[in-house]
Amino acid sequence: MTAKFKRDFLFGAATSSYQIEGAVDADGRTPSIWDIFSKIPGKIYNGDTGDIACDHYNRYREDVELMGNIGINAYRFSISWSRIFPGKGVFNSKGMEFYKNLVNELVKRNIKPVVTLYHWDLPMWVYNMGGWLNRDSVKWFTEYAIKIFEELGESVKLWITHNEPLCASIFGYYEGNHAPGHKNLQEALKVAHHILLSHACVVKEFRKFNFKNGEIGITLNQIPVYPATKSEEDMEAAFIRDGYLNRWFLDPLFKNSYPEDMKKIYEGLNVNFDFIEDSDLQDISIKNDFLGINYYSRELVKFSPDSPLRFKGVSGKFPKTEMGWEIVPEALYDHILRLRKEYTKIPIYITENGAAFNDRVLKKVEVRDEKRIDYLKRHLIEVAKLNQKRMDIRGYFVWSLLDNFEWQFGYSKRFGIIYVDYKTQERILKNSAFWYRDLIKSRVIK
Ligand code: BGC
């Protein structure tokens, strides 16, 4: 089929602060939980850290120029909270200046800035005061957000309060593979709650600014879960896994409640929900202007009586990316239909989609990443199909603009449409970047 995109459909690219900026102690920035976590031996592949990363803090002009060459309409980046507030109540104008300059460069090139306020790099000073486990974190995050609204104001097209609360809470506080590396379900659910509450508080404050230009929402990573067989047990296992990954965040945001079935399961694992106060769920279900969706892959699960949540992952039949994630664009299609039916009609942006492959530079100038092109193309075709069905998807952001620090995998996984040589910091546009450039111009996939 031919896939077509409207003139005002936003084609973008995304990054996050700790993954690309480097300059971790420049101009008054203080450490975040990721600075500390990445230095604990054994946590990150090869002992990699974000200390230098893509050195974007110093090279942002060059990077924005590359964005201009590719012709992207919008650039999604995140702000490092500890650059702006290196300590409680201490505003750092030097750190702010970096983001102001970045935004100016983008605006100059007609690239719409899309700002994520939190992409997991919690300042250590917040962590030391209890972090997201302390309900006061909601207040501190809101103060930080208000300052950013004041400073960047109307130049920002889209504001995203949080990137993937699932990862910041469940992966960071229960599974322990993300910072701060805790393994406590009670904590993880409390953290998730405070993160959602902070989202709501920030949206409420944002409304007071009455910006003419600028909309606000949250980004959830969505992992559609499929049962390995049609057996009742596997179907139930898939539903529980969906509760753990997806419904736990969707329900409070759009249905004003946590899923009862999951609450019962968690209570059976000794979680108590006394951290939920009376009006919290009412607050969390505040109206958003849009919903951001990050989609990479689906999951296939089967019933497993021995695991605490009674499911276990199984390997699917589709080809996989370098992350070992199955490539299933159709699952994005099905999932958006489900979101529309069960949850919300507000505009959707695909705020991340992309793939890591084992890219190699040929003759120092070319990266033939045909598999990535195929991945992006197939997912974008699904997006176009969804829009033909009036699913109101307003934009798509490739993850990622640059190869970068892929969390616990360090620099071993390359997601960029721009190759980064970490020794020299040289950037090379991969063939996918040229393909994307042509698509943005033509707005047609044949
Ligand atoms: C995150 C990114 C990450 C990407 C690939 C998303 O979950 O927002 O920070 O690099 O997935 O794993």
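Mapped onto my numbering, the consecutive letters of the sequence shown carry residue numbers 61 to 506.
A virtual CB, placed ideally from N, CA and C, is assigned to each residue, including glycine.
Hey, residue i and residue j: beta-carbon distance below 8 Å or not?
i           : j           : result
residue 104 : residue 468 : yes
residue 227 : residue 180 : yes
residue 120 : residue 165 : yes
residue 456 : residue 465 : no
residue 478 : residue 461 : yes
residue 110 : residue 159 : no
residue 210 : residue 274 : no
residue 284 : residue 358 : yes
residue 101 : residue 135 : no
residue 392 : residue 439 : yes
residue 193 : residue 225 : no
residue 452 : residue 407 : yes
residue 293 : residue 363 : yes
residue 279 : residue 336 : no
residue 249 : residue 331 : yes
residue 361 : residue 297 : yes
residue 178 : residue 222 : yes
residue 300 : residue 400 : no
residue 310 : residue 403 : yes
residue 417 : residue 382 : yes
residue 138 : residue 76  : yes
residue 130 : residue 497 : yes
residue 67  : residue 124 : no
What is the rounded straight-line gap between the Cα of residue i and the Cα of residue j?
i           : j           : result
residue 322 : residue 132 : 41 Å
residue 308 : residue 347 : 18 Å
residue 207 : residue 490 : 37 Å
residue 394 : residue 354 : 14 Å
residue 481 : residue 81  : 15 Å
residue 334 : residue 269 : 33 Å
residue 458 : residue 379 : 20 Å
residue 151 : residue 326 : 40 Å
residue 427 : residue 420 : 6 Å
residue 476 : residue 486 : 13 Å
residue 240 : residue 97  : 6 Å
residue 245 : residue 454 : 36 Å
residue 373 : residue 122 : 42 Å
residue 450 : residue 504 : 18 Å
residue 368 : residue 405 : 35 Å
residue 127 : residue 448 : 28 Å
residue 247 : residue 162 : 36 Å
residue 265 : residue 113 : 33 Å
residue 106 : residue 86  : 24 Å
residue 254 : residue 340 : 9 Å
residue 317 : residue 338 : 12 Å
residue 291 : residue 424 : 52 Å
residue 376 : residue 302 : 17 Å
residue 411 : residue 216 : 15 Å
residue 263 : residue 277 : 8 Å
residue 83  : residue 95  : 11 Å
Assuming residue i and residue j make a contact with CB atoms under 8 Å, what is their CB distance in whole Å?
i           : j           : result
residue 444 : residue 63  : 3 Å
residue 409 : residue 352 : 5 Å
residue 319 : residue 344 : The Cβ separation is near 14 Å, so there is no contact.
residue 153 : residue 183 : Contact doesn't hold; Cβ gap of about 17 Å is too wide.
residue 202 : residue 261 : 5 Å
residue 171 : residue 156 : Residue 171 to residue 156, Cβ: 20 Å. No contact.
residue 432 : residue 502 : Not quite, the Cβ-Cβ distance comes to about 19 Å (not below 8 Å), so this is no contact.
residue 218 : residue 65  : No, residue 218 and residue 65 are not in contact; Cβ-Cβ is about 18 Å, not under 8 Å.
residue 146 : residue 195 : That belief does not hold up - the Cβ atoms of residue 146 and residue 195 are roughly 23 Å apart, past 8 Å.
residue 71  : residue 500 : 5 Å
residue 356 : residue 413 : 7 Å
In the DSSP output, what is residue i paired with across the bridge?
i           : result
residue 380 : 386
residue 210 : Answer is none; residue 210 lacks a bridge partner.
residue 72  : 134 and 457
residue 309 : Paired residue(s): none; residue 309 is not in a bridge.
residue 92  : 183
residue 488 : 479
residue 269 : Answer is none; residue 269 lacks a bridge partner.
residue 63  : 505
residue 354 : 281 and 412
residue 53  : Past the edges of the chain, shown from 61 to 506, lies residue 53, and the structure says nothing about it.
residue 359 : 285
residue 193 : According to DSSP, residue 193 bridges with nothing at all.
residue 401 : According to DSSP, which records beta bridges pairwise, residue 401 is partnered with nothing at all.
residue 372 : 362
residue 426 : 422
residue 147 : 150
Are there any heavy atoms of the ligand GDP lying less than 7 Å away from the beta-carbon of residue i, as far as the coordinates show?
i           : result
residue 231 : Absence of the ligand GDP from the depicted structure is noted, with the ligand BGC being the only ligands included.
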